[in-house]
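So for the sequence shown, UniProt numbering puts the first residue at 1; every next one is plus one. C-beta: ideal position from N, C-alpha, C; glycine also.
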Amino acid sequence: LQRSRVQRQASPPPVPRREDPASRPFFTGRWPGGRNDYGGEAGIRFVAAVSSEVTALGRLAEPPLMEGSVVTLWQTDTQEPLATAEVGPKSRVEGNYAWEPLTDELVLHAGKEYRLTQRCRANMPDRWCDARATAEEVAVGSWASLASFVGGVARNSAGFPNREDGDLRRAGMVNFKAMLRPSPGPAMQLVSREQLAHSLARATAADEQRRGGGPQEVEGRLAALACLLELFVDELANLDLPASAMALLAPEEELRELAMEAQMSSQGCSIFDSTGLARQLARQARRCGHRDAGLLLVDACSGEVLGLCPRPRAVGSGACLAPGLASVSFDERGTGRPLAAWELAERLQHGLALARGVGGQVDAFLPDEVNRQCIGLRVKEAEGGHSEHETGLRTPGPRGARDRASAAGLEIHEAPFSARTHSICI
1 LQRSRVQRQA SPPPVPRRED PASRPFFTGR WPGGRNDYGG EAGIRFVAAV
51 SSEVTALGRL AEPPLMEGSV VTLWQTDTQE PLATAEVGPK SRVEGNYAWE
101 PLTDELVLHA GKEYRLTQRC RANMPDRWCD ARATAEEVAV GSWASLASFV
151 GGVARNSAGF PNREDGDLRR AGMVNFKAML RPSPGPAMQL VSREQLAHSL
201 ARATAADEQR RGGGPQEVEG RLAALACLLE LFVDELANLD LPASAMALLA
251 PEEELRELAM EAQMSSQGCS IFDSTGLARQ LARQARRCGH RDAGLLLVDA
301 CSGEVLGLCP RPRAVGSGAC LAPGLASVSF DERGTGRPLA AWELAERLQH
351 GLALARGVGG QVDAFLPDEV NRQCIGLRVK EAEGGHSEHE TGLRTPGPRG
401 ARDRASAAGL EIHEAPFSAR THSICI
């Protein structure tokens with residue numbers, strides 16, 4: 001008991017979760033609250049003008065909130081809730097609104113209608129806006145290029161707000177933060193754990209052959225791949241890391257320019273210590289508010305970790321990377337759009353990009369597949385809705401590259417130099 005108490009005291013203090021600094025509120029104006037005599041769901045409806053990712057839900061907090069209330073984002077065509085958050089006195093206040101960040105990725109699609117409501121009760125201490133705004137007020141006090149504010153919605157009980165009750169009504173009663181997404185990315189092909197490892201191993205072996213590598217080089221790259229998969233699928237799942245993470249696994253000469261741009265130096269560790277790297281990623285995630293663990297650069301040939309940097313961001317108005325990576329920033333507090341893993345993968349000649357989402361979803365992108373067919377690979381969820389990570393990949397310190405690959409379930413054939421999986425491997 002004493003030892004566990006010491007361990008708890010030695011743990012770093014929790015850092016409040018923060019939404020990405022690139023996200024912005026939909027409503028920026030302030031419409032004073034005047035009503036608190038209604039019980040049920042009340043809020044707004046809007047139509048997304050462009051695709052975006054919602055990062056936080058909020059409600060008016062001026063004057064300061066006295067009581068928590070559930071804010072819900074609904075999809076109109078299915079009448080299903082997409083996200084909920086209790087926003088109250090302990091929520092972080094920014095501008096005129098209190099905010100609660102979302103833990104899972106939530107995408108709004110252009111042209112779709114959504115509804116955002118607050119659970120109200122009669123005589124609640126916090127008053128909310130029930131008035132109609134003018135078109136001029138909405139144009140000035142909202143992010144009009146993100147979405148079109150339509151008007152008010154309500155329901156006299158809990159559930160989907162099916163009653164539309166006034167154009168431009170209840171502006172600013174509830175709010176959300178969002179950030180723009182890149183141009184449509186690759187179509188994602190759902191695969192099993194075995195299929196993912198098989199596809200990546202086969203592509204890695206073929207890629208090394210094209211580079212002129214022999215059996216030893218193929219073995220080394222497969223071993224590094226196995227440990228990177230172990231890190232992203234098993235080790236980070238074991239830590240229950242509530243943050244996204246990305247990795248580029250490529251020859252050092254391809255990553256050197258990116259490492260210099262990020263002002264990184266070698267970490268002095270290798271991908272074969274996946275447990276230690278998982279702890280590093282967890283520390284990075286805590287440091288930035290459990291939002292993102294950053295980008296890991298790994299030499300595909302030696303397994304050396306070239307560095308761990310903040311997730312790169314596009315700067316300026318361009319949506320894509322400029323030649324020579326001139327449009328990339330590594331400022332974790334920057335407001336540029338965070339780059340997706342597939343955008344980094346399409347810059348590679350050899351190797352691959354891995355991404356782990358906040359909810360544990362693992363995606364893989366091969367440069368040829370992204371550039372030629374515009375597809376990526378995603379580990380499909382097992383029955384019950386959980387990602388398939390119950391059976392972990394374990395590499396208990398084998399001495400050679402061949403042993404590491406074998407422990408990962410990757411079988412190497414020396415002629416031709418191909419690889420396949422014969423058992424579940426991640």
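Per DSSP, P81 is one residue of the beta strand (DSSP E) stretching across 80-87. Its chain contains V54, L57, P81, L82, A83, T84, L106, Y114, R115, L116, F176 as the residues whose beta carbon lies nearer than 8 Å to that of L73, once the 5 sequence neighbours on both sides are disregarded; these appear in chain order. Per DSSP, W31 is not a residue of any beta strand (DSSP E), being assigned neither H nor E.
The beta-carbon distance between G152 and R127, rounded to whole angstroms, is 16 Å. This is too long to meet the 8 Å contact definition.
Boundaries of the alpha helix (DSSP H) harbouring S274: 274-287, taken from the DSSP string. DSSP, read as helix, strand or coil, puts A139 in helix. A contact is defined here as three or more CB-CB pairs under 8 Å, and the stretch 35-51 meets this definition with respect to the stretch 137-156. Separation of the CB atoms of D130 and G39 is rounded to 14 Å, and the pair is thereby denied contact status at 8 Å. In this structure, the straight-line span from the alpha carbon of A205 to that of V379 is close to 21 Å. For S52, the enclosing beta strand (DSSP E) stretches over residues 52-60.
In this structure N123 is exposed. Its beta-carbon is surrounded by fewer than 16 other beta-carbon atoms within 10 angstroms.
For R119, the closest of E67, R193, H109 by C-alpha to C-alpha distance is E67. Just so you know, the alpha carbons of T76 and L108 end up roughly 12 Å apart.
A direct Cα-to-Cα measurement between R202 and A293 gives close to 28 Å. Beta-bridge partners of R132 (DSSP): R169. Bounds of the alpha helix (DSSP H) holding D207 are 193-210.
Distance from the Cα of G336 is smallest, within the candidate group A314, G357, R347, F330, for A314. Judged by their CB atoms, C269 and E304 are nearer to each other than the 9 Å cut-off. Beta-bridge analysis with DSSP links F176 to L57. Of all alpha-carbon atoms in N371, S51, W99, H350, the one lying nearest the alpha-carbon of R59 is that of W99. For I44, DSSP records a beta bridge to L116, G152.
Three or more pairs of CB atoms, one per stretch, sit closer than 8 Å, so the stretch 350-367 contacts the stretch 190-202.
Assigned with DSSP and collapsed to three states, C269 falls in coil, not helix or strand. Here the alpha carbon of Q79 sits roughly 8 Å from the alpha carbon of P161.
Taking each of A226, Q209, M179, P186 in turn and checking the Cα distance to R193, the smallest one comes out for A226.
Put simply, of A237, G141, P242 the residue whose alpha carbon is nearest the alpha carbon of R287 is P242. V140 and F26 have their C-alpha atoms roughly 11 Å apart. The three-state secondary structure of F365, taken from DSSP, is strand.
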